[in-house]
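K.L.:
Quick note: the sequence shown, position 87, residue 129 per this note's numbering, numbers continuous.
The beta carbon of each residue, even a glycine, is placed where N, CA and C say it ideally should be.
Being a predicted model, the structure only gives us computed values, none of them experimental.
Quick one: the structure is below, and I'll ask about it shortly.
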Amino acid sequence: MAEILDLAASVALVRAGDRLLVGGSGGGHAVPEAWLTALAERFRATGRPRDLSLMSVVAIGDWKTAGFGRLAQTGLVRRVVSAGFNNCPAIGAMAAADEIEAYTLPQGVLSQLCRDMAAGRPGLVTRTGLHTFVDPRLGGGKQSARTTEDLVELVTLDPTIKLDIRYAQTNNFMGKVVYPEARAFLQRPAADALLAAHKELALHGYGLLIHDGYRPWTITKLFWDMAAGTPMQEFVADPKSGSKHNRGCAVDLTLYDLANGQAVQMPGDYDEPTKRSYPDYRGGKPEERGKRDLLRAVMERHGFTVEPNEWWHFNYKDWPSYPILDISFQEASKR
Ligand SMILES: [Zn+2]
Numbered sequence: 043m044a045e046i047l048d049l050a051a052s053v054a055l056v057r058a059g060d061r062l063l064v065g066g067s068g069g070g071h072a073v074p075e076a077w078l079t080a081l082a083e084r085f086r087a088t089g090r091p092r093d094l095s096l097m098s099v100v101a102i103g104d105w106k107t108a109g110f111g112r113l114a115q116t117g118l119v120r121r122v123v124s125a126g127f128n129n130c131p132a133i134g135a136m137a138a139a140d141e142i143e144a145y146t147l148p149q150g151v152l153s154q155l156c157r158d159m160a161a162g163r164p165g166l167v168t169r170t171g172l173h174t175f176v177d178p179r180l181g182g183g184k185q186s187a188r189t190t191e192d193l194v195e196l197v198t199l200d201p202t203i204k205l206d207i208r209y210a211q212t213n214n215f216m217g218k219v220v221y222p223e224a225r226a227f228l229q230r231p232a233a234d235a236l237l238a239a240h241k242e243l244a245l246h247g248y249g250l251l252i253h254d255g256y257r258p259w260t261i262t263k264l265f266w267d268m269a270a271g272t273p274m275q276e277f278v279a280d281p282k283s284g285s286k287h288n289r290g291c292a293v294d295l296t297l298y299d300l301a302n303g304q305a306v307q308m309p310g311d312y313d314e315p316t317k318r319s320y321p322d323y324r325g326g327k328p329e330e331r332g333k334r335d336l337l338r339a340v341m342e343r344h345g346f347t348v349e350p351n352e353w354w355h356f357n358y359k360d361w362p363s364y365p366i367l368d369i370s371f372q373e374a375s376k377r
């Protein structure tokens with residue numbers, strides 16, 4: 043049922059960290075100025091909401107203070123994505139002063155992206171902007187130094203983080219090699235949190251052994267198709283919504299013993315399609331459960347949550363802020 047809200051009630055729905063797609067066009071055409079003004083006033087009066095991500099297809103404003111310029115307040119905006127900031131110079135100034143994350147991307151691509159979002163079609167692929175400053179290999183349209191949404195290769199953080207990338211081998215649930223290289227990446231903040239967990243676990247005599255990190259969307263689709271009608275179906279993500287692995291914010295891992303370099307015995311095996319994979323499974327040996335529970339406790343202290351049916355899978359808390367990606371490991375390492 044449609045519901046009509048007044049301005050204050052509508053603005054009150056916005057929460058910290060929300061992402062807002064604001065319509066309208068440069069020069070003030072169809073821009074919800076009264077709504078933006080009310081949001082700015084709410085922030086001035088209450089300090090809330092903080093850390094918004096703003097997106098507009100066209101730079102919106104009047105080259106003075108209107109449009110996104112109304113929201114140019116420290117703490118209110120974390121990130122802006124738009125075709126430009128010329129119509130809202132105060133936002134441009136915040137980007138230039140490195141106070142916000144900022145991206146400028148082609149107007150036509152952002153338009154197409156809105157159509158695809160509305161139609162529920164994830165994964166817009168375009169050639170527009172290749173070999174220009176919006177090409178991911180040439181900066182990806184980043185407009186401030188703090189715009190560091192990047193995939194980090196985990197072994198570069200600490201060489202004692204070990205890899206056992208099963209999808210680059212044949213000992214996985216599909217019995218075939220699906221990754222061309224045994225490499226693991228996470229978004230920078232998730233990677234930093236993982237490193238902190240690894241260091242804490244060293245105090246207990248363990249290190250992290252990584253099975254998987256960032257996963258290209260095409261591979262999630264492949265898993266979905268191959269798992270259909272098998273017990274693995276419960277354990278693979280629907281490519282329609284994508285996986286947190288596709289966002290570089292999920293990691294599959296276990297512990298290895300620092301004394302001998304060997305993976306520890308857990309209550310169940312990685313990717314095992316049984317109840318033993320549940321992080322609260324009460325069977326198995328007490329010492330196996332103890333290691334599983336230690337891994338979980340340390341990861342939770344550093345901003346991760348365990349998947350309800352996979353003791354080895356951890357999601358980083360800020361995963362909704364990151365897009366679903368479908369770039370290769372080769373491309374990720376060049377970013
Ligand atoms: Zn996983």
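For the alpha helix (DSSP H) containing Phe277, list its first residue and its last residue.
P.N.:
Within the sequence shown, the letter at position 235 stands for residue 277. Counting along the chain, Phe277 falls outside any alpha helix (DSSP H), and DSSP gives it neither H nor E.
K.L.:
With a threshold of 8 Å, are at least 3 pairs of Cβ atoms found where one atom belongs to the segment 325–342 and the other to the segment 296–309?
P.N.:
Touching, yes.
K.L.:
Could you check whether the segment 363–377 touches the segment 282–299, counting it as contact only if at least three pairs of C-beta atoms, one from each stretch, sit closer than 8 Å?
P.N.:
A contact exists between the segment 363–377 and the segment 282–299.
K.L.:
Hey, could you find the ends of the beta strand (DSSP E) Gly249 is sitting in?
P.N.:
For the purposes of this step, residue 249 is taken as the residue at position 207 of the sequence shown. Where Gly249 is concerned, the enclosing beta strand (DSSP E) stretches over 248–254.
K.L.:
Nearest by alpha-carbon distance to Pro273: which of Leu63, Tyr256, Pro315 is it?
P.N.:
Within the sequence shown, residue 273 is the residue found at index 231, counting from 1. Selected option, being the one with the closest Cα: Pro315.
K.L.:
Using a threshold of 8 Å, state whether the C-beta atoms of Gly150 and Thr174 are closer than that.
P.N.:
Within the sequence shown, numbered from 1, the residue matching residue 150 stands at position 108. Within the sequence shown, numbered from 1, the residue matching residue 174 stands at position 132. Contact: no.
K.L.:
Could you give the distance in angstroms between the alpha-carbon of Thr390 and the alpha-carbon of Ile142?
P.N.:
In the structure displayed, the chain extends from 43 to 377; residue 390 sits before or after that span and is not available.
K.L.:
What residues sit near ligand 1, counting only those whose C-beta is closer than 5 Å to one of its heavy atoms, in chain order?
P.N.:
In chain order, the qualifying residues are Asp294, His355.
K.L.:
Answer with buried or exposed for Val176, where buried requires no fewer than 16 other C-beta atoms within 10 angstroms of its C-beta.
P.N.:
Here residue 176 refers to the residue found at position 134 of the sequence shown. That one is buried.
K.L.:
Say whether the segment 228–248 touches the segment 263–278, bearing in mind that this needs 3 or more beta-carbon pairs closer than 8 Å, one atom from each stretch.
P.N.:
At 8 Å Cβ cutoff, the stretches do not touch.
K.L.:
Contact defined as beta carbons within less than 8 Å: I believe Val348 pairs with Leu243. What is the distance between those atoms, to the nearest angstrom?
P.N.:
By one-based count along the sequence shown, residue 348 stands at place 306. By one-based count along the sequence shown, residue 243 stands at place 201. With 8 Å as the limit, Val348 and Leu243 do not qualify as a contact, their Cβ atoms being about 15 Å apart.
K.L.:
For a test of the three-state rule: what should DSSP assign to Gln154, helix, strand or coil?
P.N.:
By 1-based counting over the sequence shown, the position of residue 154 is 112. Helix, per DSSP.
K.L.:
Tell me which residue opens and which closes the alpha helix (DSSP H) that Thr262 is part of.
P.N.:
The sequence position of residue 262 within the sequence shown is 220, counting from 1. Looking at the DSSP string, the run of the alpha helix (DSSP H) that includes Thr262 is 259–269.
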